[in-house]
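Please read the structure below before turning to the comments.
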Amino acid sequence: MRVRVQEADFDVGAELAALRQGKPQIGALASFVGLVRDVNDGTGVSEMTLEHYPGMTEKALTAIVDQARERWTIIDALVIHRVGRLLPTDQIVLVPIRSSWWRLPGRIAATFLPPVSSSWIT
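Residues in the sequence shown are numbered consecutively from 131, following the numbering used here.
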């Protein structure tokens with residue numbers, strides 16, 4: 131399980147391929163990709179800036195992933211959350227979840243993690 135908070139964009143395909151590599155026990159790989167929208171509560175958004183506290187953010191995100199691993203059959207998870215200046219359509223967060231043959235828990239966990247993880251970054 132890994133948590134990364136970074137300014138740089140991420141390559142979804144490369145991250146998913148790395149998560150699958152050498153893991154024949156994987157029966158499912160569910161993922162969530164969050165994007166910057168151009169509107170929030172009816173107001174146009176031209177950009178947003180996300181700030182965080184290094185160390186504290188990673189610790190909080192790790193605790194959330196650990197909670198998900200306790201609730202569902204998850205082999206591994208990755209959380210990549212971007213910070214800094216972001217524009218509409220930019221990727222903000224990637225949360226892929228690996229599970230064994232239990233496909234539903236992986237999908238549930240991938241849905242559970244993104245909204246909670248975003249609450250730690252302002």
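All residues carry an ideal CB built from backbone N, CA and C; glycine is no exception.
All of these numbers come straight from a predicted model, not from anything done at the bench.
- Cβ neighbours of Met131 within its own chain (closer than 8 angstroms, five residues either side excluded): Thr192, Val195, Asp196, Arg199, Asp206, Ala207 and Leu208.
- Shortest Cα-Cα distance from Pro218 to any of Val135, Ala148, Leu159 and Thr173 involves Thr173.
- Spatial neighbours of Phe140 in its own chain (CB-CB distance under 6 angstroms, excluding positions within 5 residues in sequence) are listed in chain order as Ile210 and Leu224.
- If you compare the alpha carbons of Ala148, Ser229 and Leu159 with that of Arg201, the shortest gap goes to Ser229.
- Exposed is the label assigned to Pro154, since fewer than 16 other Cβ atoms lie within 10 Å of its Cβ.
- Look at Val223 here: in three-state DSSP terms it is strand.
- Ile222 is positioned such that its CB atom lies closer than 7 angstroms to that of Arg212.
- When only Cα atoms are considered, Leu216 and Ala158 end up about 31 angstroms apart.
- Annotated three-state conformation of Asp141 is coil, per DSSP.
- Counting every other CB atom within 10 Å of its CB across the protein chains shown gives Val169 a total below 16, marking it as exposed.
- The straight-line gap separating the alpha-carbon atoms of Ala190 and Val133 is approximately 10 angstroms.
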